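Visitor: My structure is below; once you've seen it, I'll send some questions.
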Amino acid sequence: MPARVHALLVVRPEGRVAADIHLRRTLDALAAQTRPADVLTIVLCGVHATDRTLAQIAGESGAEGVITADRGTSFAEALSLASRRIDGDAVWLLSQETTPAPDALLRLVGALETSPSVALAAPKLVRADDNDRIVSLGVSLSRGGRTVGLADGEHDQGQHDAGDDVLGVDVRGILIRADAWTALHGLDTALAGADEGLDLGIRARLRGGRVVLAPQALVAIAGAHASASDPAHPGMRETYAQRTAQLHRRLVYAPAWAVVLHWLSYLPLALVRTIGMLLAKQPGDILPEWGATLTVMARPAAVARARRGIRTGRAVSWAQLAPLRVTSAQLRQRLDDDVVEGPGRGELRFFSGGGAWIVLGALLVSVVAFLSLLAWPVLAGGALAPLRATLAQLWADAAYGARPLGWATIGPADPFSAVVAVLGSLWPTAPSRVIVVLWVLALPLSALGGWFAATRFTGRGVVRAVVAIGWALAPSLLDALVTGRPTVVIAHLLLPWLLWTAAVAHRSWSSAAVGSIAAVGVVAAAPSLAPALIVLWIIAIILTAGLGHGRGLARVIWLIVPAAVVFAPMIWHRLSTGDPWALLADPGVPLAGDASTDLVRRLLLGLGFPSGDASRWGELIGPGAAWMPLLVVPVLILAVAAPVVARIVPAAVSLFAALLGLATASIAIGITVTTDAAASIVLSPAPALSLFWLGTLAAAALTLDAIPDAARVRAPLAALVMATLAVSAVPALTALPRGTSALTEGATSTLPAYVEAEGRAGLRNATFVMTPASDGAVIVDVVWGETSALGGQSTLRSARLAANAGDEDAASLAAALIADPSGSAVTDLADHGVAFVLLGTEPGGDSDAARAVRIQAETALNQRDDLEIVGDTGKGKLWRITAPITDRADAATPATSPIALLQLGAVAIALLLAIPTRRSLADSRRRSRIVGARKGDAA
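Residue 220 is where the sequence shown starts when you use my numbering, and the numbers rise one by one after that.
Given below as C-alpha cells:
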C-alpha cells in the first residue's frame, strides 16, 4: 500500500464559475477525505497567479507549496512544474473543478494496492449538478484510432461498476504510482489537453503496467469541464484539441515505416474530412480540423520525443493491447445515439390533406391558360429572350469577363446569368424550351411552394389550401406570366421555399443550406429585394439570439453567406465605379412598365397589383373594373387580424415582412437605374409585391388556424378567400387565349439565321445592329455570338445612366457608316471583331423619320466595297464584312479563376450541407413542423 500520497492541484483560468469558488470546494473536499492526502502542491496559472484571494485560499490550505505559472500554461505543463516537488509513493492529479467524495482517495488507494502491476487507478467522474450522470469512466480506442468514452454521458445505474481493466481514462482525479509517473515523464504536452489520460494509460500498459477503474470512488466535475457528458456537441476549442491529440497519437503510435506516410496523408485527409464534415452538417469542425492538421505537421520534434519515450522501457507489444480496444460493433452501438424525446411531428398529409389535388388542379388550369405554349419551342415577348444553344455558352455567360452585349463591356456577370445557366442545363439539347416549360409549370409549382410554406404555420389542410391557391394566384405572378417577366416568375417560385427553410434554419444545417441556396436565387432574380431580405435576416438573428438563447445562430448567419459571396464581384465593381444604386437594377432584358406614382397606383400596390392595369378587368367589363381589385380584400383583412388572434411572434414577423415588401414596392416605383436606348425604366415592384403577398398569406393562415373549431367559420372564410382570389385571376388567366398577352412564339435567335449559324462557334465575333427609331435617331447595339440571349444580358450595360466610352465609339462608327460610304468605319469594326452589320426594324413598323434614316443607311451601306449584302431577313437587312476579322480578345484577368472558384465553392458548400443525413432527418422528426407551435395547436 502506498505510504504517502502527494496531491497535485492545478488551478487554470477556465470555466464560468469563479475560480475561488471551485478552489474552495476542492480544498474542502480534500480536507474531508477519510484517507487524507499526505502532501498537497497547488499550481496557480494565468490571472490566478496574481489573484490575492486565490493566493490567500491556497496559502491557508496547508499546501507544502504554491507554484505560479503563465496564463498559457496547460494542465500537462502545470503538472510537469509540480512534479519536481513530488514527495510520496503515489500522485493524485486534481484540477479546480474536481470535487472528490469523502472516500474517493481511500477507494483509489485500495484499487492501486490490489496488485503491484497496477500503475494507475481512475475514479468515476460524475456531474457536480447531477451525480447520477457519468462524465467519464474509462476510455478506449477504435481500430481507426478514434477516442471512445466507455460510459460518457450515461445515467449511472451501476451498470459499469464491475469493470476493471481499461486502456485509458480521463486524467482528472487519477491516482498513479510515483515511480510510474516519473518513468512516463508525466503527460504529453503535445496533446493540446485532450486524450491525456488515454495516452498515459497506453504508455503505462506498454511498460507492463495496468490501468484499473475504481467505480466506487466518485469525483464530481463542475462547470463547463463536465462537457464530456455531451460529447456529440463539443465546441471548436474542444474539437481542435481532440483532433490534435488524435493526429499526434497516430504519428506516435505508428510503426516507424508508416510515420512519413501518415504525415504526407494529413493534408489530403483534411480535405476529404472537410467534405465529410459538410455532408455530416458539422461545418464548425472544419477550422479546428485544419488547425490541428497544420499544428501536428509542424511539430516533428514533439512526435520524435514521444516515440522515444515509448521505445524506452517498452515491455509488451501493441498486440497485447488489442483486446482492450472497442470493436466496430461496440463503436456503432456507442455512436447510435438515443432519440431525445420531443413533441415530434405528424404526417405531412400532402396527398390526404389535399396538397396533391391543389397542385394537380393548378396544372390543369395552367395547361388551359397557356395551351398554345406547348407547341412553341421558344418563348418571346416582354423581357423574354432565347437561351444559348449549348451548355458551354450558357455557363460562359455566367463567368467574369467580356459581356456578350455592348461594344466593350467587361466585368462580372449578373448572378441571374448563373440562374439561367442552371435552368438551361435542365434541357441540354434545347435550353430555350426550359423557359416554355417553366411558364406552363409556374402555377402548379407556385401552389406546391405555397402549400409547403404553409406547413410552417398550420397543420390544417384547409388553411394550407388557402396559402397554396393564394400563392399560385398572386397578382404579381399572374402579371409576370402575362407580360413576360422571367425574373419575377423565378423569384416568386423561390420565395416560399426560402420561407420554408429559413423559418427553421436555426434547427438544422440542412434547412439553413437549402435556405441559403434559395436566397441566392431570389436575390439573383430580384436584387431589389436584397435590402428587405437583409432586414428580415437581422430580425432572425435577433430572435435566435433572444428567444433561442443563441442556439443555431451560426446556421442563421449562414443564410446570407452564399449570396454575399456570389454577389461580391458585382458589389466590388459597382462600389469601385461609384454606382452602388445600380446593384438594385432588375437583371435580364430591360422592360419598361407602369411608371406612374399617383395615389391610385399606390393603392393598387397595397392590394398586391404591380401596375395600374394589372388586374386586367378593364379588358373584360370596361369602366366598372375599377372596383375589381378589391376582390383581394378578404385575405388582407385576415392578415391584419393575425396579431390579435394568432401566435404573436409568427404573426408579427409575417406582417412585418408584408409591410417591408409593400414599402420596398412603393420605393421601387420611384427609383430609376435602368435604361433601354433613350428610355428610362423604374425598378419593377413585382418582386417586392411577391414578398408582400407571402407575408400577407402567412398572416392570414395564422388567423384562420387560430379560429376556434367551435366557431365553425374557418371553412367558410377559407372558401370565401379562395373564391375571391380565383375570380380576381380570371382576366390574367384568359389573357393569352384572348390575345392580350405579351407572350409570342419566338425564334432561337434574335439575329438572322445566317448570323446564328455563323455565331454558334462562340463569342469571338459580333453583329453591329443599327435600328432607326421613330424620332429619327439610330439605336446601336453590338451582339456577340449567335443571339442576344437571356443569360447574356448585363446590368453593367443596362444600368448605366450615361454613355461610356464604348457607347461613344459605337455611336461614332454608326454615324460614319450612314454618312460616309468610303470611310474606314468597316475596317474599324473588323478590327474590333464585328463580322456583320444588321439594319434592324422596330416591331411596330417605321415612322417617316425612321424610314428616311433607313433609306439613307441602306444606300450608304450598299455603296461600300468592304460590305457584302446577305439580304433581307425577318430581323432586318444584313451585310457581311469582307475585310479580315480580328477575333475578340479574351478579357479574362488573373482574378477570374479565383473569383469563379470562390463563388462555386460557396454554392458547393451549401449543396453539401443541404444533403440530409440519417441523423439530421431523425433530428427533424423530433420537432414540430410548425414554427412557434404551442401545445394543442393543430399538427
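Virtual Cβ for every residue (Gly too), placed ideally from N, Cα, C.
All figures in this text were calculated on a predicted structure; none of them were measured in a lab.
Measure the Cβ-Cβ separation of LEU369 and GLY357 and say whether it is below 7 Å.
Guide: Cβ atoms of LEU369 and GLY357: closer than 7 Å.
Visitor: Given 6 Å as the limit, tell me if ALA929 has its C-beta closer than that to any heavy atom belonging to the ligand GDP.
Guide: In the structure on display, the ligand GDP does not appear, and there are no ligands present to speak of.
Visitor: Tell me, please, which residues DSSP counts as bridged to VAL988.
Guide: Answer by DSSP bridge pairing, in chain order: ASP1000, LEU1057.
Visitor: Thinking C-alpha only, which one of LEU879, THR677, GLU296, ALA773 is nearest GLY412?
Guide: The shortest Cα separation from GLY412 among LEU879, THR677, GLU296, ALA773 belongs to GLU296.
Visitor: Smallest Cα separation from THR1060: which of ASP1050, THR1092, ALA1049?
Guide: Checked all of ASP1050, THR1092, ALA1049; the closest Cα to THR1060 is THR1092.
Visitor: What span of residues does the alpha helix (DSSP H) with GLU1027 cover, start to end?
Guide: Its alpha helix (DSSP H) spans residues 1024-1038.
Visitor: Compare the Cα-Cα distances from ALA602 to each of LEU700, ARG352, SER1031 and report the closest residue.
Guide: Looking at the Cα atoms, LEU700 is the closest of the given residues.
Visitor: Go through its chain and collect everything with a Cβ distance to ALA738's Cβ below 8 Å, but skip five positions before and after it.
Guide: Excluding positions up to five away in sequence, the list reads LEU717, ALA721, LEU752, LEU778, ILE779, PRO781, ALA782.
Visitor: Contact check, VAL430 vs GLY392 under 8 Å by CB: the rounded distance?
Guide: Not really, about 13 Å apart at Cβ, beyond 8 Å.
Visitor: Can you tell me the Cβ-Cβ gap for LEU970 and LYS1094, rounded? I've got them flagged as a contact below 8 Å.
Guide: Sure, about 6 Å apart at Cβ, within 8 Å.
Visitor: Name the one or two DSSP bridge partners that ILE1088 has.
Guide: Looking at the DSSP assignment, ILE1088 forms a beta bridge with TRP1098.
Visitor: Name the two residues that bound the continuous alpha helix (DSSP H) containing SER1143.
Guide: 1137-1144 is the extent of the alpha helix (DSSP H) around SER1143.
Visitor: Closer than 8 Å is the cut-off here; do at least three beta carbon pairs connect the segment 931-950 with the segment 960-975?
Guide: The segment 931-950 is not in contact with the segment 960-975.
Visitor: Helix or strand or just coil, what does DSSP make of SER1017?
Guide: In this structure, SER1017 counts as helix in the three-state DSSP scheme.
Visitor: I need the boundaries of the alpha helix (DSSP H) containing ARG469, first residue and last residue.
Guide: Run containing ARG469: 455-472, per the alpha helix (DSSP H) assignment.
Visitor: Taking only the alpha-carbon atoms, compute the straight-line gap between LEU857 and ALA870 and give it to the nearest angstrom.
Guide: So the two alpha carbons sit approximately 11 Å from each other.
Visitor: So, for HIS379: in the same chain, excluding its five sequence neighbours on each side, which residues have a beta-carbon less than 6 Å away from its beta-carbon?
Guide: Taken in chain order, the residues that qualify are LEU356, ALA370.
Visitor: How close, in whole Å, do the beta carbons of ALA666 and VAL578 come, if the pair is a contact with beta carbons under 8 Å?
Guide: Contact holds; Cβ gap of about 5 Å.
Visitor: Which residue spans inside the segment 306-350 form an unbroken beta strand (DSSP E) run of at least 3?
Guide: Complete beta strand (DSSP E) runs here, min 3: 309-314, 317-319, 337-346.
Visitor: Looking only at its chain, what residues have a beta carbon closer than 6 Å to the beta carbon of ILE395, apart from the 5 residues adjacent to it on each side?
Guide: These residues qualify, in order along the chain: VAL310, LEU339.
Visitor: In the DSSP assignment, what are the bridge partners of THR260?
Guide: Partner(s): LEU227, GLY284.
Visitor: Using DSSP bridges, identify the partner residues of GLY620.
Guide: Paired residues: GLY630.
Visitor: Can you check which of these residues, ALA274, ALA882, ARG866, is closest to THR287 by C-alpha distance?
Guide: If we check each option's Cα against that of THR287, ALA274 comes out closest.
Visitor: Could you pull the DSSP bridge partners for ILE393 from this structure?
Guide: Paired residue(s): none; ILE393 is not in a bridge.
Visitor: Who are ASP895's beta bridge partners in DSSP?
Guide: According to DSSP, ASP895 bridges with ALA898.
Visitor: On the three-state DSSP scale, how would you describe GLN1075?
Guide: Helix, per DSSP.
Visitor: Between which residues of its own chain and ASP389 is the CB-CB distance below 6 Å, once the five residues before and five after are set aside?
Guide: LEU344, SER355, GLY416.
Visitor: Beta-carbon separation of GLY771 and HIS725 under 7 Å?
Guide: Cβ distance < 7 Å, so GLY771 and HIS725 count as in contact.
Visitor: Counting C-beta neighbours from all protein chains within 10 Å, is the total for GLN539 16 or more, i.e. buried, or is it exposed?
Guide: Classification of GLN539: exposed, given that the 10 Å Cβ count is below 16.
Visitor: Check whether the Cβ atoms of ARG835 and PRO950 lie closer than 7 Å to each other.
Guide: Against a cut-off of 7 Å, the Cβ pair of PRO950 and ARG835 comes out as a contact.
Visitor: Suppose contacts are defined by Cβ-Cβ distances below 7 Å. Is LEU1131 in contact with LEU498 by that definition?
Guide: Going by C-beta atoms, LEU1131 is nearer than 7 Å to LEU498.
Visitor: For the beta strand (DSSP E) holding ILE440, just list the boundary residues, first then last.
Guide: From DSSP, the beta strand (DSSP E) with ILE440 extends over 429-440.
Visitor: In whole angstroms, what is the alpha-carbon distance linking LEU263 and ARG304?
Guide: Roughly 15 Å between the two C-alpha positions.
Visitor: Contact defined as beta carbons within less than 8 Å: I believe GLU1087 pairs with THR959. What is the distance between those atoms, to the nearest angstrom?
Guide: The Cβ separation is near 43 Å, so there is no contact.
Visitor: Tell me whether the beta-carbon of VAL759 lies closer than 7 Å to the beta-carbon of VAL775.
Guide: For the sequence presented, residue 759 should be read as Ala rather than Val. In this structure, VAL775 lies closer than 7 Å to ALA759 by Cβ.
Visitor: Pick out the complete beta strand (DSSP E) segments inside the segment 695-736, 3 residues or longer, and give them in chain order.
Guide: As far as the segment 695-736 is concerned, it has no whole beta strand (DSSP E) run of at least 3 residues.
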